[in-house]
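All you need for the working numbering is the position in the sequence shown, starting with 1, plus 430.
Glycine included, each C-beta is placed from N, C-alpha and C at the ideal position.
Since the structure is predicted, the reported quantities are computational estimates derived from the model, not experimental observations.
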Amino acid sequence: MKWVGPYRLRHLLENSVNDKQPWPPEHNGVYVISQKEWTELPTADCLPLYAGGTTGKSARFCTRVGDLIADMLGFFGKETGHHSGGQHLYDFCEKYQINPLDLFLGWAEQCSCFRCAETSIVNNLAPRLNRKAPPQCPKHKAKDYKKKPLTTASRGTRE
Ligand SMILES: [Zn+2]
431 MKWVGPYRLR HLLENSVNDK QPWPPEHNGV YVISQKEWTE LPTADCLPLY AGGTTGKSAR
491 FCTRVGDLIA DMLGFFGKET GHHSGGQHLY DFCEKYQINP LDLFLGWAEQ CSCFRCAETS
551 IVNNLAPRLN RKAPPQCPKH KAKDYKKKPL TTASRGTRE
C-alpha cells in the first residue's frame, strides 16, 4: 500500500490536465479527506473528516472520488446526488464556514485488498463524518483470522 498526497482540493482541481499531478487510480484505492496536511501517512493529527473507497463490485475508485468532489462542492439536490459522504462534507463546510477547496485529499493506492484497507483506515482514523462502518470484506472475514492458529512463522506477519 502506498500513500499519495495529500493535495489541497483547490490545487488538485487546478492541475487536472497537468501530467505531473498524481491522480487517483481507476481502481483499488482508499481516499481520506482531512482539514490539515499530513506527511507520509494520515493520522488523527490531520483532523480526518471522511474516508472511503470503492462501492459495490465495480472498478470505480477514481469515479467515486469525482462523485465525492461534486457533492462536496454542493452539486446535489434533495432527491438526487452522487455521494452521501460528499454531502456530509458539504453540510459540515457550510456549518463551520470552511471552503471545501481548502480541505486536503490524499489516498492509499496499490492496496493488497482495498476492502480490508478501507476498514483498517476507517478504524484507525475514525474520521469525524463517517457514519457507518465500511462493507465487510467478503474474502477476508474477521472470523477467518481467529481460526488461524498463530505459529512462530506467522507471528507478527499479519497485517
Ligand atoms: Zn480483504
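Secondary structure of residue i, DSSP reduced to three states
| i | result |
| --- | --- |
| residue 494 | helix |
| residue 534 | strand |
| residue 651 | Missing from the structure shown is residue 651; the chain here goes from 431 to 589 and no further. |
| residue 525 | helix |
| residue 482 | strand |
Cβ-based neighbour list, residue i, same chain, cut-off 7 angstroms, excluding 5 preceding and 5 following
| i | result |
| --- | --- |
| residue 424 | This structure cannot speak to residue 424, because the chain is shown only from 431 to 589. |
| residue 434 | 452, 536, 537, 539 |
| residue 522 | 479, 559 |
Cβ pair residue i, residue j closer than 8 angstroms
| i | j | result |
| --- | --- | --- |
| residue 515 | residue 498 | yes |
| residue 476 | residue 467 | yes |
| residue 436 | residue 491 | no |
Own chain residues within Cβ distance below 6 angstroms of residue i, not counting five before or after
| i | result |
| --- | --- |
| residue 551 | 460, 481 |
| residue 504 | 520 |
Cut-off 8 angstroms between Cβ atoms - residues of its own chain near residue i, not counting five sequence neighbours on either side
| i | result |
| --- | --- |
| residue 431 | 538, 539, 540, 541, 542, 547 |
| residue 564 | 482, 483, 545, 548, 549, 552 |
Inset, instruction - For ligand 1, list every residue whose C-beta falls under 7 angstroms from any of its heavy atoms, going in chain order. - result: Going along the chain, the residues that qualify are 543, 545, 546, 567, 569, 570.
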